[in-house]
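In the numbering used here, the protein residues as written are 1 to 108.
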């Protein structure tokens with residue numbers, strides 16, 4: 001995911017750090033790309049992430065449920081906007097925090 005240098009500094013995140021990205025619907029981890037291309041206070045994730053070195057068969061599925069941005073979104077009817085008929089999947093409030101070393105060693 002991409003993060004502005006000022007925001008990264010505020011959260012103690014450096015280039016290449018593994019970071020948890022969490023919404024009320026789920027949590028994923030991705031590596032930080034610290035760049036001026038993103039406004040302060042904003043992060044940008046890409047869809048479709050997985051870990052190609054991991055088993056692609058069930059139940060792991062390449063770890064996609066651990067890293068894919070879709071985990072943070074919803075398609076439940078009750079979350080659909082009645083005015084637009086769509087879900088808020090492009091701008092979500094989230095919290096970010098570094099993956100701790102114990103979690104990293106466990107591979108979680």
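Built from N, CA and C at the ideal position, the CB exists for glycine as well.
Given the structure is predicted, the values throughout are model-derived calculations rather than measurements.
Q.
What does the alpha-carbon distance come out to for the pair residue 100 and residue 2?
A. Taking the straight line joining both Cα atoms gives about 19 Å.
**Q.** For residue 64 and residue 58, the rounded distance between their alpha carbons
**A.** C-alpha separation (whole angstroms): 11 Å.
Q: Would you give the residue range spanned by the beta strand (DSSP E) that residue 31 belongs to?
A: According to the DSSP assignment, residue 31 belongs to the beta strand (DSSP E) that extends over 26-31.
Q: With a floor of 3 residues, list each beta strand (DSSP E) that falls wholly inside the region 39-102, ordered by position along the chain.
A: Runs found: 95-98.
Q. Using 8 Å as the Cβ pair cut-off and three pairs as the minimum, do the region 69-86 and the region 35-44 touch?
A. In short, these stretches do not touch, since the Cβ pair count stays below three.
Q. Should residue 15 be labelled buried (16 or more other beta-carbon atoms within 10 Å of its own) or exposed?
A. Exposed is the call here.
Q: Go through its chain and collect everything with a Cβ distance to residue 92's Cβ below 8 Å, but skip five positions before and after it.
A: Taken in chain order, the residues that qualify are 23, 72 and 73.
Q: Ignore the nearest five residues each way along the sequence and tell me which others in residue 6's own chain have a CB closer than 6 Å to its CB.
A: So the qualifying residues of the chain are 40.
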